[in-house]
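K.L.:
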Amino acid sequence: MKKLYRYIIRSYIGTFFFTFFVAVFILLMQFLWCYIDDFVGKGLEVSVILKLLFYTSITFVPMALPLAILLSSLMCFGKLGEYYELVAMKASGISIWKIMRPLLVFSVIMSFVAFFFSNNVLPYANLKSQSLLYDVRHQKMALDIPEGVFYRGIDDYVIRVGKKGDDGNSLYDVMIYDHSDGKGNVKVTTADSGYIALSKTQKEMIFTLYDGCNYTEMTDDKDYRVRRPFQTMFFKKQYITFDLSEFDLTRTDEDLFKSHHSMLNIAQLNVAIDSLNKTYDKRVEKYDESFKRRFHNLVADDEEFVKHDKRASKKSKEKVENDNEEKIIWPLLDNFTIKEQTSIVDMALSSTKNIKENIDVNVKEFNRQKTNILKHEQVLNQKFSLSVACLIFFFIGAPLGAIIRKGGLGLPVVVSVVFFVIYYIMTITCENIALAGDMPMFLGVWLSSIVLFPIGVFLTFKATTDGELLDGESWKKTFDKIFTHKNR
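Just so we're aligned: the sequence shown equals residues 55 to 542 in the numbering used here.
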């Protein structure tokens, strides 16, 4: 048995790691496709890009791990069935449960690893990747002065180059506006030609200009507004140095991101959820008291007063519909003049509008806080659902591979992708419904696992009883028995 187990594990391990890294690679390529515009043209160092890709790839493990277990178990048992190795094992008196035992142990271990990863590694990886991605997306574009365009990429300067040489460093018809004084276009430098080069430290860019002039308006002169004095200085050669430190990647303090729900472990999430719920309840209670004090004349003292009687409401509606052509008389307003009545109605409408706006603003804020609480609960449940999903996908993949008896990258890949897409779409849909408040968050996260679990049990039962999953005659007999039993 030990030799058999070693053989099964060897057949499984290689496929598992292959499918796992392929899944991570595909997800990483999707990430690059989404954010490629934020990376191009910013002069990022290779080390920065590699670090971002490394931490981002770690965040894809929760999605790639269940898919790898499903696909590798299906391919492994499909291959064993395709080459009749599974039949030989069963003929030797070894049950399917014993054949699955080593891989079941491996899947259980991977479930614990997945839980540890979600609780300890994933928050750290999210912190590193999201903070670095934030800095990269807000990084200024690398210095690239185009021809015939007023370039504003350098703070306090506007540069226009009429034409560039073939080497990319030679410049012709150069114009530089200096806005460092904050007074507008009062300092201008023009030159027939020039040359750009980096300093030895690579921190400054040096413009060497030839045959030009500096035009400066004397704004400090007391008669500037009347006489508009200016100064012109001609030069044969002049150097202008620009600081390039602003183009370096500036890292944001990671402590600013640590409170985000995706960067917390289970203990921190429980504390955060408890704190957020208490804060939410206090704010709702405080607003309720404030509303009653501010609009006490509009709030009923007795709660029973605001309960609607359906019969009375229906009769009132019918009466209004029948009497809609009759003149509506407001006895109270009859005591006032037309002008006073108009003023009273306008004040009432204005007051009602203010109350409605006040309620809408606070309801939006309460909904935002509630959504934040639900997102914390979502992440908390996901840390457990990942581990369970690994086991469920094993009990789907292994028996399904034994039933269809097809290995390789053909049918197993198609079947695995179909199951995983169903799981993924169901998870995303239910979680979005839960975030909208139309479903408990626990059910939103776990419903996909609850639906797939019976499928795994059914497939395992069919594999252990050597049932033909695609045998039409077998299904026909089953349905005949069901309908015959119902007719009785």
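We put the CB at the ideal spot given by N, CA and C, even for glycine. Predicted model, so just to flag it, every value in this text is computed and none were measured.
How do the stretch 419-426 and the stretch 452-472 stand: do at least 3 beta-carbon pairs fall below 8 Å, yes or no?
P.N.:
no
K.L.:
Does the Cβ-Cβ distance between Ser126 and Tyr66 come in under 8 Å?
P.N.:
A Cβ-Cβ contact shorter than 8 Å links Ser126 with Tyr66.
K.L.:
Run the CB neighbour count on Met164, radius 10 Å, all protein chains shown included, and call it buried at 16 or more, exposed below.
P.N.:
buried
K.L.:
Near Gly510, which residues of its chain fall below 6 Å by C-beta distance, leaving aside the five closest residues on each side in sequence?
P.N.:
Ile446, Phe449 and Ile450
K.L.:
Can you pull the DSSP bridge partners for Leu106?
P.N.:
None, per the DSSP bridge assignment.
K.L.:
Residues bridged to Met480 by DSSP?
P.N.:
By DSSP's assignment, Met480 forms no beta bridge with any residue.
K.L.:
Using CA atoms only, rank isn't needed, just tell me which of Gly135, Gly455 and Gly498 is closest to Leu124.
P.N.:
Gly455
K.L.:
Phe474 and Leu121 look like a contact to me (Cβ under 8 Å); what is the Cβ gap, rounded to whole Å?
P.N.:
In this structure Phe474 touches Leu121 by the C-beta definition: roughly 5 Å separates them, less than 8 Å.
K.L.:
Any contact between the stretch 152-161 and the stretch 428-441? By contact I mean 3 or more CB pairs, one from each, below 8 Å.
P.N.:
no
K.L.:
So Ser316 and Asn180 are supposed to be a Cβ contact under 8 Å. How far apart are they, rounded?
P.N.:
5 Å
K.L.:
Give the straight-line distance between the Cα atoms of Val313 and Met83, rounded to the nearest whole angstrom.
P.N.:
Here the sequence assigns Ser to residue 313, which means Val is not the residue at that position. The straight-line gap from Cα to Cα measures roughly 28 Å.
K.L.:
DSSP on Leu263, reduced to helix/strand/coil?
P.N.:
strand
K.L.:
Return the bridge partner residues of Asn268 from the DSSP annotation.
P.N.:
Thr243 and Met287
K.L.:
Return the chain-ordered list of same chain residues with a C-beta closer than 7 Å to the C-beta of Gly202, the five sequence neighbours on each side being excluded.
P.N.:
Closer than 7 Å at Cβ, skipping near neighbours: Gly216.
K.L.:
Suppose contacts are defined by Cβ-Cβ distances below 8 Å. Is Ala251 in contact with Asp265 by that definition?
P.N.:
Between Ala251 and Asp265, the C-beta spacing is not below 8 Å.
K.L.:
Please report how far the alpha carbon of Leu176 lies from the alpha carbon of Met480, in whole angstroms.
P.N.:
23 Å
K.L.:
Quick one: what's Tyr226 bridged to in DSSP?
P.N.:
Lys217 and Ser247
K.L.:
Going by the CB atoms, is the gap between Pro200 and Leu440 shorter than 8 Å?
P.N.:
no
K.L.:
Can you give the beta carbon distance from Tyr211 to Ile230, rounded, assuming they're within the 8 Å contact cut?
P.N.:
6 Å
K.L.:
How about Thr262 and Tyr226: are their beta carbons less than 8 Å apart?
P.N.:
no
K.L.:
Pick out whichever of Cys484, Glu343 and Asp492 has its Cα sitting closest to the Cα of Gly498.
P.N.:
Cys484
K.L.:
Can you have a look at Arg60 and say buried or exposed, based on whether 16 or more other CB atoms are within 10 angstroms of its CB?
P.N.:
exposed
K.L.:
Can you list, in chain order, the residues of its chain whose CB lies under 7 Å from that of Tyr334, leaving out five sequence neighbours each side?
P.N.:
Around Tyr334: Gln423, Lys424 and Ile427.
K.L.:
Just to confirm, does Lys105 get its C-beta within under 7 Å of one of the non-hydrogen atoms of the ligand COA?
P.N.:
No copy of the ligand COA occurs in the structure displayed, which carries no ligand at all.
K.L.:
Quick one: is Phe166 buried, meaning 16 or more other Cβ sit within 10 Å of its Cβ, or exposed?
P.N.:
Classification for Phe166: exposed.
K.L.:
Which of the three DSSP states, helix, strand or coil, is assigned to Tyr211?
P.N.:
strand
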